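Okay, so the sequence shown: first residue is 1275 according to my numbering, each after it adds one. Since the structure comes first, as structure tokens, the remarks are kept for the end.
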Amino acid sequence: MTDLVMLDGLHPRPAFTVAGLERKFDLTTRREIPLLWESFIGKLPLPGQQGRETFGVEWGMNGKDFYYMAAVAVAPDATLSQGFARKDLAAQNYIVFRLTLDGSDFQNQMHAGADRVWSEWAPKNRQRMADAPDFEFYPADFDPTRKGARVEFWIPAKG
């Protein structure tokens, strides 16, 4: 069974820059996000890439659709190839949820975890949320098929 827990306290993160492939999705097309990742992973490493961690950055949510970028951290002045986008994320405090995978279907677990964060926790805590991009954090050794692998949802917070 997939385990989702909220980590204690606020988690500050300094400003950083990500680069990757981005696309606009809605609640029905979000199941196509893995195709974006498949295309992106084959193009790594990017020029100026910093670390092997990956990020699923989301912004512009308006109740109907949102932007999503499959990304890695890059140097702010990295030269990107055509087709890649850059996004600067400001220094921010975050509320972090950790999803521990059970080795079954990764996408179903991700959707279930995200749905719990956005349908259960977020509506009750809007006053704590800041208007900034949120992101999924995947460690360098992430393997979606490994039981016990972890993904984190970083939700921007006020304060």
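Just so it is clear, CB atoms sit at the ideal spot from N, CA and C, and this is done for glycine as well. Since the structure is predicted, the reported quantities are computational estimates derived from the model, not experimental observations.
Here DSSP, grouped into helix, strand and coil, assigns Asn1399 to coil. In this structure, DSSP gives Ala1364 a state outside helix and strand, which the three-state scheme calls coil.
A Cβ-Cβ separation of about 15 Å leaves Val1346 out of contact with Trp1428 under the 8 Å criterion.
Taking a cut-off of 8 Å on C-beta distances, the region 1330 to 1343 touches the region 1351 to 1368, as three or more cross pairs fall below it. In this structure, Ile1315 is the residue among Asp1277, Asp1405, Ile1315 and Ser1393 with its C-alpha nearest to the C-alpha of Gly1294. DSSP places Ala1414 in the coil class of the three-state scheme, outside both helix and strand. Rounded to whole angstroms, the separation of the alpha carbons of Gln1366 and Gln1401 is 16 Å. Partner residues in the beta bridge of His1285, as assigned by DSSP, are Tyr1368.
In terms of CA proximity to Pro1319, Leu1354 leads the group Leu1301, Met1280, Leu1354 and Pro1308. Between the C-alpha atoms of Glu1296 and Asp1339 there is a straight-line separation of about 13 Å. Taking C-alpha positions only, Leu1373 is separated from Trp1311 by approximately 19 Å. Per DSSP, Leu1301 is not a residue of any beta strand (DSSP E), being assigned neither H nor E. The closest CA to that of Val1279, considering only Glu1327, Ala1388 and Phe1380, is found on Ala1388. Beyond the five residues adjoining it in sequence on each side, Thr1328 comes within less than 6 Å, by CB distance, of Val1346 and Tyr1412 in the same chain, given in chain order. Counting only runs of at least 4 residues, the region 1311 to 1389 fully encloses the following alpha helix (DSSP H) elements, listed from N- to C-terminal order: 1380 to 1389. Cβ contact annotation for Ala1406 (same chain, cutoff 6 Å, sequence separation greater than five): Gln1366 and Pro1430, in chain order.
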